[in-house]
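Chains as they are written, first to last, in my numbering: chain A, 8 to 154; chain B, 8 to 154. Everything on this sheet refers to the single structure shown next.
Put into structure tokens, the structure is as follows:
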């Protein structure tokens, strides 16, 4: 696209994404939730169709973290940021590695879209969408995909 | 959130979404693709992880439409639009009903996020994300969810 994104805003949003990665690796729910707006609507990897409101999303994050035994490794790839005025979005591929409490190795890539609004001098998440696609032939979740 | 979205822009983007529904119901690939920017990146319901560029997305739309025998019914629910400056996003629940070529009834809700930039007086899709969540207990796609 030809419209440039404001570089200062893009830098701020990339910092914000980096903070989220640190929060996940530290399993720090409070730090992870510091950027969510109160009316945030999340389309998560797992059902139901949507989580609405910061409390529902906090509960889901607690469940997610509690599923890991030991450390979480987290990386993002090919993140693109668009921002203008008080609206921004970014999208990229996310990857988590670790071990679940039942001893299963977790090593999964998924797609992540983050949508934000600027409230005062702070950027808050108003919508996020995480997912793994499925395979039409088998109807199964494509957990093994790599970029 | 407290920051208002520009109402005229919101109306334009809702018109645009309505046009897309008409395009899908008519299985009109050209009409559907009229709003995609050339470098669009799509996270689709089905694998791979991403489709990049308008040609890849056109091919995928052709495959999707060709899977239907007879009409497609399409509705959206609870679509929220945020726009400021030349950046906008919207998110909602989408529902399609129809019959596949192999005689299987299709009746599926999914989550849809659309991210746009204004280029001149036109809004173009630069990113879209469609997905169905999965069930953690079974590891299966949650095709049967309803809002």
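Even glycine gets a Cβ: it sits at the ideal position worked out from N, Cα and C. Being a predicted model, the structure only gives us computed values, none of them experimental.
Following the DSSP letters along the chain, one finds residue 22 of chain B inside the alpha helix (DSSP H) bounded by residues 14 to 32. What residue 146 of chain B touches in chain A, judged by beta-carbon distance under 7 Å, is 148, going in chain order.
About 6 Å separates the Cβ atoms of residue 20 of chain A and residue 130 of chain A, confirming a contact at the 8 Å cut-off. Residue-level contact check: residue 67 of chain A does not touch chain B, since none of the beta carbons of chain B fall below 8 Å from its beta carbon.
Residue nearest to residue 85 of chain A within the set A:119, A:141, A:94, A:23 is A:119 (criterion: CA-CA distance). Excluding its 5 nearest sequence neighbours in each direction, residue 152 of chain B has C-beta neighbours in its own chain below 8 Å: 116, 139, 140, listed in chain order. Taking a C-beta cut-off of 9 Å against chain B, the contacting residues of the segment 108 to 119 of chain A are 116, 117, 118, 119, listed in chain order. Out of A:72, A:108, A:35, A:137, the CA that lies nearest to the CA of residue 54 of chain A is found in A:137. In its chain, beyond the 5 residues on either side, 86, 87, 118, 119, 120, 121 have a beta carbon closer than 8 Å to the beta carbon of residue 98 of chain B.
Distance from the CA atom of residue 148 of chain A to the CA atom of residue 127 of chain B, rounded to whole angstroms, is 40 Å. Closest in C-alpha terms to residue 48 of chain A, from the list A:150, A:30, A:134, comes A:134. Under DSSP, residue 107 of chain A takes part in a beta bridge, and its partners are A:75.
Within chain A, the residues placing a beta-carbon under 7 Å from that of residue 95 of chain B are 94, ordered along the chain. With a 10 Å radius around the Cβ and a threshold of 16 neighbouring Cβ atoms, residue 37 of chain B comes out exposed.
Apart from the 5 residues on each side of it in sequence, residue 114 of chain A sits with its Cβ closer than 7 Å to the Cβ of 104 in its chain, given in chain order.
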